[in-house]
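Some notes on the structure that comes next.
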Amino acid sequence: MILNKNKEIMDINKYIAKAALSITYVFLAFLVIGFVACDKGNDPGQDEEEIPDDTTPSDESNFYKLIRVENFQGTQDNNFESAAAAIYYSLENNKPMEAKYQQTNRWDLAFGGLLNSFVSGNNGSNSTNSGYGNTAKGGIAIIEKPFDEVTDIPVDSEFKTGGNLIGTDNYGEFGEGIGWYLYDFAGIIVRDGAYANQHVAYALDRPLTLKNGTVVPPRTVIVRTAKGNYAKIKLISLYKDQFERSEWTRSSPKVYFTFEYILAPAGSTKFEIK
């Protein structure tokens with residue numbers, strides 16, 4: 001009788017042990033499934049749509065004519081310490097491009113760096129460029145000449161392919177070479193140092209006479225587009241609806257880029273209007 005009782009107890013213990021083992025396996029299975037699901041859910045690229053390059057021919061209707069862009073909106077943070085997220089413009093299609101197109105050849109001109117005030121072309125081979133890894137073959141150059149006098153297209157070796165290349169000019173403060181604008185921190189380089197004249201950015205699309213009598217020559221930016229065409233650009237202002245230097249003060253609404261440009265097809269040696 002006792003033996004039978006012991007056998008029953010042993011059978012029950014075996015059953016409980018098997019049940020516990022089964023529950024453990026089920027729990028581990030759910031744990032693994034949950035981990036995999038979470039891992040997939042945390043994959044930032046899982047749901048991102050891969051946007052293809054634009055393989056259509058360039059729109060020839062935009063070649064050989066003057067195009068004006070007013071108030072292309074940049075950052076509104078007024079952060080003078082950290083670089084703003086870059087914004088992009090398609091010169092060939094004459095329209096802004098969303099950041100989701102960064103890794104494509106669908107844009108030609110990037111505005112990045114502090115207050116989006118440094119410009120660059122779209123080039124997929126330079127690791128410092130916003131378009132690194134794409135198929136774009138763009139670049140950028142700057143010439144100390146008025147826009148209307150720039151007729152010759154530079155040779156390809158003169159175009160730089162990095163990011164945030166052209167911005168503050170050496171004639172102003174925080175200059176980084178030949179730039180498209182002069183920054184007057186204290187307001188005493190160009191004007192009288194009054195509060196309203198401090199922290200003003202002067203576009204150099206035409207000659208600028210400084211307080212000390214120095215005349216800063218005008219600048220023209222040249223871009224090789226993502227598809228290998230060319231554009232000469234006159235950067236006019238970064239203040240909203242204000243295109244004359246006399247209007248600019250530290251309280252002027254920014255950042256809103258106004259510029260003009262002329263496109264020429266790949267293989268051209270001259271900029272012209274037809």
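Mapping of the sequence shown onto the UniProt record's numbering: residues 1 to 274, in sequence order. Yeah, the Cβ is synthetic: ideal placement off N, Cα and C, and Gly gets one too. Nothing here was measured: the structure is a model prediction, and the numbers come from that model.
Is residue j closer than 8 Å to residue i when the C-beta atoms are compared?
i                 : j                 : result
isoleucine 142    : valine 216        : no
phenylalanine 72  : tyrosine 89       : yes
lysine 100        : alanine 226       : no
aspartate 192     : lysine 234        : no
tyrosine 171      : leucine 210       : yes
serine 58         : asparagine 229    : yes
glycine 175       : aspartate 184     : no
alanine 84        : leucine 114       : yes
phenylalanine 271 : valine 69         : no
valine 223        : aspartate 108     : yes
asparagine 116    : isoleucine 87     : yes
asparagine 94     : isoleucine 51     : no
alanine 201       : leucine 238       : yes
glycine 121       : phenylalanine 257 : no
Assign residue i to one of three DSSP states: helix, strand, or coil.
i              : result
lysine 40      : With a pLDDT of 43 at lysine 40, under the threshold of 50, the predicted position of this residue should be treated as unreliable, though the coordinate-derived value follows. Looking at lysine 40 - three-state DSSP - the assignment turns out to be helix.
glycine 177    : coil
glutamate 60   : helix
isoleucine 273 : coil
alanine 99     : helix
leucine 91     : coil
arginine 224   : strand
serine 237     : strand
alanine 196    : helix
arginine 245   : helix
residue 310    : Residue 310 lies beyond the range of the chain shown here (1 to 274); nothing can be said about it.
aspartate 184  : strand
glutamate 260  : strand
serine 268     : coil
glutamate 70   : strand
isoleucine 23  : Low local confidence applies: a pLDDT of 45 at isoleucine 23 is under 50, so the model's placement there is unreliable, and no value is given.
leucine 109    : strand
Which whole-angstrom value is the C-beta distance of residue i and residue j, which I expect to be below 8 Å?
i                 : j              : result
glycine 112       : asparagine 123 : Not confirmed; about 13 Å, so no contact.
phenylalanine 118 : leucine 165    : 7 Å
aspartate 53      : threonine 135  : 6 Å
glutamate 144     : isoleucine 178 : 7 Å
Which runs of the beta strand (DSSP E), 3 residues or longer, sit entirely within the region 119-152? Taking 3 residues as the shortest admissible run, the region 119-152 contains the following complete beta strand (DSSP E) segments, listed from N- to C-terminal end: 139-143.
Are the region 154-165 and the region 235-245 in contact at 8 Å, needing three or more beta carbon pairs? no
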